[in-house]
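Residue 0 is where the sequence shown starts when you use numbering that gives the first Met the number 0, and the numbers rise one by one after that.
Since the structure comes first, as C-alpha cells, the remarks are kept for the end.
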Amino acid sequence: MKKLKKHIIVLGCLIFSSGFCLQVFSQESPSFFKFPILEEGIYQLTSQQAISMGFSDLEMLAVFGNPGMLPQKLDSLDLELREVPTRKIGDALFFFLEGPHQKTVLDSGFSYQHHHFSDTLYYLIGEKTKGAPVISSDLVSSGNDVESIYKIQSIKWEESNLLSSGREWYSKPFFNAERFNYNIASDPAIKPLLITQIMAQSLAESQFEFFNNGTSVGSVSVASIPNTTYGIKGRESIFRAELQMASSQNIQVSYRSADINGTGYLAHSLLVSPYSATSANSGIYHILESGIIKKRSGFVNWLIHNFYQVKEFNGAEKIVPGDIIALFQPESVPEIKNWTPLNLGLRSQNFNAELMIITAPELVSQANRLAGHKNQLGIKTAVFTPEELYNAFGYGNRDITAIRNFLAYVYHRNTGLQNVLFFGKGTFDYKNKFGGRPNLVPTYSSRNSLNPLATYSSDDYFGFLEYGQGEWEENSAGDELLKIGVGRIPAINFSEAEEAVNKIMGYEKGIDMGGNWKKNILFFADDGDNNIHLNDSEIHAVYLGNNHPEFEIRKLYLDRFEQVTNGGIQSSPDAKQALSDGFKDGLLLINYIGHGNETTLTAERVFMISDLPNYPENPLLPLFVTATCEFGRHDSPFIRSGAEELLFAPKKGAIALLTTGRPVFSSINFALNKAFIENVFKTDNGIHRNLGEIFKDTKNNSLNGPFNRNFSLLGDPSMKLAVPELTAEAEQILDVQMEIQTDTLKAMQEVKIKGKIIDPVSEVTLSNMEGDYELIIYDKPLSHRTLGDESSAVEFLEDSNIIFKGQGEVKKGLFSSNLFIPKNIEKEYGNGTIRLFATLQDGTHEAIGAGNIIIGGISENSRNDNLGPKITVRFGKDLLETAPTIPSPSYPIQIILEDESGINIANNGLGQDISLQINETANYILNPKYFAIDGGYKKGQIFTDLQDLKEGWNEISITAWDNLGNSSIFTFNLLVEGSLKLQILEHLTFPNPANENSRFIITHNRPNENLYLEFEVYSIKGDKIYSSSHRYVEAEEILDDLEWNFFHNKTKNPAKGTYIYRLLLKSEKDYTFDVKSGKIIIQ
0 MKKLKKHIIV LGCLIFSSGF CLQVFSQESP SFFKFPILEE GIYQLTSQQA ISMGFSDLEM
60 LAVFGNPGML PQKLDSLDLE LREVPTRKIG DALFFFLEGP HQKTVLDSGF SYQHHHFSDT
120 LYYLIGEKTK GAPVISSDLV SSGNDVESIY KIQSIKWEES NLLSSGREWY SKPFFNAERF
180 NYNIASDPAI KPLLITQIMA QSLAESQFEF FNNGTSVGSV SVASIPNTTY GIKGRESIFR
240 AELQMASSQN IQVSYRSADI NGTGYLAHSL LVSPYSATSA NSGIYHILES GIIKKRSGFV
300 NWLIHNFYQV KEFNGAEKIV PGDIIALFQP ESVPEIKNWT PLNLGLRSQN FNAELMIITA
360 PELVSQANRL AGHKNQLGIK TAVFTPEELY NAFGYGNRDI TAIRNFLAYV YHRNTGLQNV
420 LFFGKGTFDY KNKFGGRPNL VPTYSSRNSL NPLATYSSDD YFGFLEYGQG EWEENSAGDE
480 LLKIGVGRIP AINFSEAEEA VNKIMGYEKG IDMGGNWKKN ILFFADDGDN NIHLNDSEIH
540 AVYLGNNHPE FEIRKLYLDR FEQVTNGGIQ SSPDAKQALS DGFKDGLLLI NYIGHGNETT
600 LTAERVFMIS DLPNYPENPL LPLFVTATCE FGRHDSPFIR SGAEELLFAP KKGAIALLTT
660 GRPVFSSINF ALNKAFIENV FKTDNGIHRN LGEIFKDTKN NSLNGPFNRN FSLLGDPSMK
720 LAVPELTAEA EQILDVQMEI QTDTLKAMQE VKIKGKIIDP VSEVTLSNME GDYELIIYDK
780 PLSHRTLGDE SSAVEFLEDS NIIFKGQGEV KKGLFSSNLF IPKNIEKEYG NGTIRLFATL
840 QDGTHEAIGA GNIIIGGISE NSRNDNLGPK ITVRFGKDLL ETAPTIPSPS YPIQIILEDE
900 SGINIANNGL GQDISLQINE TANYILNPKY FAIDGGYKKG QIFTDLQDLK EGWNEISITA
960 WDNLGNSSIF TFNLLVEGSL KLQILEHLTF PNPANENSRF IITHNRPNEN LYLEFEVYSI
1020 KGDKIYSSSH RYVEAEEILD DLEWNFFHNK TKNPAKGTYI YRLLLKSEKD YTFDVKSGKI
1080 IIQ
C-alpha cells in the first residue's frame, strides 16, 4: 500500500564551495496532505478520500499536528511529526482536532488561548510512523459522578493594539456613556456563564456595566493608569455573570469614567454552557471538576486527557479538570475538506550551513545573490522562505515557532550553524489587520502589550535552540541565552533588498573602502540629565582606549557645542555638522547614548531622518549603536524608523545597527552597551568575530528581564567589521643623535621609529608584505570642558593633540620613520600614543596597531634653525605649477611644505598652525590634512580645496610654522571667471553609436554643491521616450554615473536610429542651470 512518489526537491538555496546556489536532489519521499480546521471537534477521513489522495489502506494512515500554536518551550518531540490519536470506525478514520483558538480549563477556571498568527489551523495526513491509536477502556471506576460538563463558545476582538506592540489585541475603543454590543448564539434551555476580559485606559477608575438582553447583569471596576510617559497604558480585568436562557445572548457593555478621555475595550468573551453529564447530546465538552463520568449510550464516548492521549470508554471513567469529553455519532461527523499536497523532504535533510537566510518569496533573488557572495567568502549559506518552514516544521501553519524549530533541527544536527539572517520586514501585525508595510518575515512579539517598557519585538527568540529553552517568560527568571547570532534586514521590497545586498557586498569586498577611516570611532552623547549620557560614554571610551588603543576615539558630546534657541526650541548646528562630517570622513563605529525617538536623535535634532538626503554618498559605512528609545523600531507597519532609513539609504548611511525598538532605561542601556564595548573587538586566536557572535555575547552578558529584549541587530550577522586583519607594531624607538634606544620622546628630539607587520594568529613578521604606512603620534590627552548648557560643566580627556603625522613605505614587512618632536609640546611627562595603519599588497591587506610612549621634557641636543618652512603650491588635479584662470568658486590645490626641523602641527595653543586665508576673511586650519612623506619629517604635503572663491581676483595666503617656532607666509592670486552661473564645461557620451546602452561624463564648475540633473531622450519627431533624474549631494567636479540602458522598458524598446538627448544641470544653491543636448545613434 505504501505510496512513494519521486520528487525533484529544491530546498531553498544551499551554498557549497563549488559555487552552486541551489541544492537540487532527487529522493523517494512520502507524500503528505494538509487540510484546514476552524474549530475543535471530531472529524473523519473516509476511505474514498484516502484513495483520491493516492492511498489504498486507511489503517496505514495517520493524522499529524499540534493543537493551537506550537509550544514555545522547545522539546525534542517538537522536532518530530507528532501523530494525532485516530480510530477506524467502519470505512473511515476518526480523530479529535483542536481549532486554532483553544478553550481550556485551568486551575483558575475557564481559559482562552488565542492563536496570534492564524485563524485557521492545518493538520497533515500521511503514512503512519509510530502509530497513535485511540485506546479502548471498559473500566468501571468508582467515585462521585460529575453532574455538569461544559460547552465553551468564544469571541475574540482584534481591532486595536494600543502601543502597536505585543500580541494582545482588543476591540475598537468605546467611550463615556457609550455601549458596545455583541451577540452569541445560545441553547435556549441553558443558563450560560458569561466571562469577558476587559481593558480600560483611563486616568481615573473605570466602570464597565454589562446588560443581557436589556437587563443589567453586573458591573466591574478597573483601576486607573498613571499619568506618566512610560507608565502602563491600560489595565485589564475579568467580568463574570450568569445569563438567562435565550436562543441568542445580546450583550451590551457600557463604559464610564471621571476621565473624559477614558476609553474601554474588550479582549475576548466566553459563553460557558453547562449540560448534564447524563443527558448531553453530541458535542465537545470541557471538565471543570474531578469525578466519574459514565458512558452516554447512543454515542461514541471519547475522553481526551491531553491532545495526544485519547481513550474511548464504555464504562465509567475518572476525569479531572482540563479533560475533554467528545460525544459523537459516526454518521454525523463532518469529513475533512480542502486538502492540498505537501512535501516534507526538508525534514530529512542534513545542512552544513553556517548562515541561514530566511526571506520572503519576492526577495528570494536578492537573498540568493547575497548567498552567492557569502559562498565566495567561504561562508556556507542556505536560503529558505517562511512558507517552506511552516510546511515542514509547523504542519503547514503560519507560526513563528516553526521557524525556530527548523533552526533547532539544524542546530542539533549541525554544529557549524552560527547565524540566522531574517531578510525582510516583520511587524507586530501578524494577520495584517492594519495594512501598511508588509509583514514578510515575521518577528517575535512579547505577551505584554500595555507596558511601554516591557513590551517588545525581538528576533532573539529564534536563537533559543537548546531543549528546554523558548518559554521566555517576561521577567528576569525568564532570561535565556542565545545559541547563535541573529540579525534582520527589514526590507519591504526588491529595491531595498537590492540596496542592502549592494552595501554588504561592497563593504565585504572592500570596494572603494581602503584607508585609515577604519580606526575611527565616534562616541556621541546627549546633554542634560546630570550628564549621565556623557559619563556613560566616558566609561565606554576609556575602556576602549585602554584595551584597544589602536583606534582613534572621537567625542561628539553635545554639550561641547554652542546651542541656539529659535522659537523656544534649541538646536546645535555645530554638533549637527560634526556628525555629518563624521559620516563624510568615514567611521568604523558610532556609539550614541541619549534621548531619541523613531526618527530623531537628541532634542536638539542633531540627527533626523530628513538629514539623510543631504549626506553625500560614501562607501565608508559605520556600524551604528544607538542606546536610545525607539530609533530602531523596525516592526511597525506605519512608521519608518531612523535605523531603517540609515540601513537602506543608497550608498550612504550605515552598514548595520545595534539599536533599540522601544523605550528603554538608561541603566539598561549602559549594561548592554558595556557588554557590547567589551565584546566588539575581541578576537578568537587573533581573528575578529562576526557581528552575530558579537551580538550574541552582547545580549547574553546583559540580560535584564524584558527590558533589553528590544535591542536588535539590523544587518548581516555573518559580516565582520572592516577592522584590518594584520597588526602593525612599532618595535624600536631610537634617539638619532645619541644612537641609543629610548622610551621617551622629548621636545626638539630627532628619533627613528622602526616597525613591522605581524600576522596576529602566528605572531610572525610577514616578510612578503609591501605597501605604505601612516604613523601618527599623539601627545598626552588634552582636557576639554563642556559648556554646562543643561547640566553642570564637566571636564574630560581626549587624544586630540597630534604632534606628528607621517607616511612611508613598507618593504618586506618592515618600515621606519624619522621624526622631530616640536619645541612647544607640554613638557610634563605623561603617556602619549603611537598609532599605525598600513595599506599592503595594493590594498588587499591592511594592518593596524598602537603603542604607548612617554612624552615630555626637553632634548639636550639643540638645533640651529632660524628659517621658516618653504611653501610651494600646485594647482588643480593636474598639479600645475602656475595658477590658471578657473570658472569655479571651488578649486583643488596641493601645498608642499619643507623644513629642516619639520612642520609643526601640534595643538599647543600658541597659534602656530598651518592656516589658509582667502581674501583676508575666511581662515582655515589645515593641520589635520598634513602628512610628512617618504618616511621622514622634512617634507610633507596637504591636499585641500579652496572654497567660496569670489568672481574675479582672489588673494590666498598660506602660513606654516616649523617645529622650532619659525614661520613663513606664501601668498598668491587666483582669477575666477564664469562662476556666477552653473556651467556644464564638458560632456561626453559613449559608446556612440551604441546598441545596448550609453554612458555620460559631465564636467561642471560647481563642485561641492548640491546639484540636480535631468536627463531626457527624444525621438526625431519630438516624442519623449525616456527620462531620469538624479540628485548629487556635494557633487564631484565630474559626474560619471549617468547611463541610458536602451532596454529599460522590456515591452517597448527604441528602434535603431538617431535620438536627441537633453541634459539639464541645476544648482540648489543659487538655482542657476545649464542645458546641453546632442545625438545618440542606436545601431
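For glycine and all other residues, C-beta sits at the position ideal for the given N, C-alpha and C.
In this chain, Q731 is not harboured by any alpha helix (DSSP H); it is covered by the beta strand (DSSP E) spanning L725 to D734. DSSP places I531 inside the alpha helix (DSSP H), whose first and last residues are I531 to N546. A642 is a Cβ neighbour of F630, given a cutoff of 7 Å. The beta carbon of Q840 sits closer than 8 Å to those of M768, E769 and G770, all from its chain and outside the five residues before and after it, given in chain order.
Taking 7 Å as the cut-off, the Cβ atoms of L600 and Y614 do not count as close.
Per DSSP, V1032 is not a residue of any beta strand (DSSP E), being assigned neither H nor E. DSSP links M355 through a beta bridge to A381 and V419. Per DSSP, I303 is one residue of the beta strand (DSSP E) stretching across V299 to N305.
When C-alpha distances from L326 are compared across K336, E316 and W301, the shortest belongs to W301. Assigned with DSSP and collapsed to three states, W516 falls in helix. Cβ-Cβ separation between Q736 and N860: approximately 5 Å, consistent with a contact (criterion under 8 Å). If you keep only unbroken beta strand (DSSP E) runs of at least 3 residues inside the stretch 837-877, you get 844-857 and 869-874. Per the Cβ contact rule, the stretch 436-455 is not in contact with the stretch 176-196 (fewer than 3 Cβ pairs under 8 Å). Of the residues L1062, I1019 and T277, the one whose Cα lies closest to the Cα of H1003 is L1062. Assigned with DSSP and collapsed to three states, F427 falls in coil, not helix or strand.
Around the Cβ of N672, a 10 Å sphere holds 16 or more other Cβ atoms; the residue is buried.
The stretch 346-361 and the stretch 328-336 do not touch, with fewer than three beta-carbon pairs separated by less than 8 Å.
Under the 8 Å Cβ criterion, the stretch 754-764 does not count as touching the stretch 537-552, having fewer than three qualifying pairs. Nearest in C-alpha terms to P35, of all of F63, S46 and M718, is F63.
Taking C-beta atoms under 8 Å as the contact rule, Y1031 and L1012 qualify, at a distance of about 7 Å. In the DSSP annotation of this structure, the continuous segment of the alpha helix (DSSP H) that includes D573 starts and ends at P572 to D584. As for any beta strand (DSSP E) of minimum length 3 sitting wholly inside the stretch 733-819, the runs are 743-746, 749-758, 770-777, 781-784, 794-797, 801-809 and 813-819, ordered along the chain. If you ignore the 5 residues before and after Q43, its C-beta comes within less than 6 Å of the C-beta of A91, F93, V332 and E334, all in its own chain and listed in chain order. Contact between the stretch 1037-1045 and the stretch 942-958 is absent: fewer than three C-beta pairs spanning the two stretches fall below 8 Å. Taking all protein chains shown into account, Q248 has 16 or more neighbouring C-beta atoms within 10 Å of its C-beta and is therefore buried.
For the pair L645 and A626, the Cα-to-Cα distance works out to about 16 Å.
For T339, no alpha helix (DSSP H) segment is defined; the enclosing uninterrupted segment is the beta strand (DSSP E) at T339 to N342. By the 16-neighbour rule on beta-carbons within 10 angstroms, Q576 is exposed.
In this structure L1064 touches L1010 by the C-beta definition: roughly 6 Å separates them, less than 8 Å. The beta carbons of L712 and V485 sit about 7 Å from each other, so the pair counts as a contact at 8 Å.
For P891, DSSP records a beta bridge to D944. Assigned with DSSP and collapsed to three states, S46 falls in helix. It is roughly 51 Å from the alpha-carbon of F969 to the alpha-carbon of D715.
Collapsing the DSSP output to three states places L588 in a strand. Check the Cα spacing between H113 and each of W168, L78, S289 and E158: the tightest is with W168. Contact annotation: the stretch 521-532 touches the stretch 790-801, with at least three C-beta pairs closer than 8 Å.
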